[in-house]
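Trainee: Per our numbering, residue 4 is the first one in the sequence shown, and the count goes up by one each step.
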Amino acid sequence: MLMANSGRYAQREDFTVVVQPFFRNTIIPLNSNGKPDLSFFSMNCFHFTERGHAEMAIALWNNMLEPAGQKQSYNNFAHDRSKLKCPTSENPFLFTSRNSGLQNTAPVVGAGDPSVPYWAVILAAIAGVLAGSVLIGVLMSRRHKKHQHERDKATEVNLTALTMFALPGSVCCTLAMRRKETNIS
Numbered sequence: 004m005l006m007a008n009s010g011r012y013a014q015r016e017d018f019t020v021v022v023q024p025f026f027r028n029t030i031i032p033l034n035s036n037g038k039p040d041l042s043f044f045s046m047n048c049f050h051f052t053e054r055g056h057a058e059m060a061i062a063l064w065n066n067m068l069e070p071a072g073q074k075q076s077y078n079n080f081a082h083d084r085s086k087l088k089c090p091t092s093e094n095p096f097l098f099t100s101r102n103s104g105l106q107n108t109a110p111v112v113g114a115g116d117p118s119v120p121y122w123a124v125i126l127a128a129i130a131g132v133l134a135g136s137v138l139i140g141v142l143m144s145r146r147h148k149k150h151q152h153e154r155d156k157a158t159e160v161n162l163t164a165l166t167m168f169a170l171p172g173s174v175c176c177t178l179a180m181r182r183k184e185t186n187i188s
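(1) For the alpha helix (DSSP H) that contains N66, what are its first and last residues?
(2) Please go through the same chain and pick out, in chain order, the residues whose beta-carbon is closer than 7 Å to the beta-carbon of N34, but skip the five residues on each side of it.
(3) Indicate whether the contact test is met: 3 or more Cβ pairs, each with one atom in the segment 8 to 18 and one in the segment 59 to 69, closer than 8 Å.
(4) Output the distance between the C-alpha atoms of I30 and C89, rounded to the nearest integer angstrom.
(5) Would you report the Cα separation of F18 and N36, rounded to the nearest angstrom?
(6) Would you list the residues sitting across from P39 in a DSSP beta bridge?
(7) Counting pairs of beta carbons, one from the segment 70 to 82 and one from the segment 93 to 107, are three or more of them closer than 8 Å?
(8) Since F44 sits in a beta bridge, which residues does DSSP pair it with?
(9) One question on the structure: do P32 and F43 come within less than 8 Å of each other, judged by their Cβ atoms?
(10) Determine, using beta carbons only, whether N78 and E58 come nearer to each other than 8 Å.
(11) Does G55 pass the burial test, meaning 16 or more other C-beta atoms within 10 Å, or should it be called exposed?
(12) Return the chain-ordered list of same chain residues with a C-beta closer than 6 Å to the C-beta of S76, the five sequence neighbours on each side being excluded.
(13) How long is the line joining the alpha carbons of M152 and I139, rounded to whole angstroms?
(14) Can you give the Cα-Cα distance for N47 and T158, rounded to whole angstroms?
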C-alpha cells in the first residue's frame, strides 16, 4: 500500500499500482447453522478451496472495475455468478487513480535516495542470523547438559542397584551354576 500511495507511478502512462481493498473488511461466511462455512477453506482452515478462490477472483475482478476511492472493501461470499461485473461502454477499462480523477499529491520518493543504506540492511540481516545462531547454540548446549546430567544420575542409580544385587546374588549364581553342572553329568 505504501508503494501505491507514494506517487511514484502517478505520472506514468504505461504502469500503475492500485490498491484493491476487496478483502480488507471481509467477514468469514456462515452456513445455515450460523457457524463458519468451511467449504470456502481447505483442510488447514487457512488457504482457500476452489470455491473460495472463485469468490476471491470475482471480488478482485469487480474491484478492478470500480473507480479508485469507491472500491468495495469487503466480500459478501454469495455463491452467485451474477454478481460478476463487466466493463461498461462508458468505462471500458480497469480503473486507476489517474482515470478515476484522483491525483496523488504525495511526494515522489527518489529511487537514488534511499532512506536506509543497502549495506545497513545486509549488516542487520547478518547480525540477526548470528544472534539467532548463538541463541540456538546456547539453548541446545543447556538442553544437552541437562539430559547428560539426567543420564548420569540414572546410570549411577542402576550401578548402585546392581552392586547391591550382585553381592548376595553371586552366591546364588554360583549355587545355580553348580546345580546345572550336576544335572548335566
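Ideal placement from N, C-alpha and C gives every residue a C-beta, glycine not left out.
Mentor: On the basis of the coordinates in this document:
(1) E53 to M67
(2) D40
(3) no
(4) 25 Å
(5) 46 Å
(6) L33
(7) yes
(8) F51
(9) yes
(10) yes
(11) buried
(12) P24, R27 and N28
(13) Residue identity check: residue 152 is His in the sequence provided, not Met. The straight-line gap from Cα to Cα measures roughly 20 Å.
(14) 45 Å
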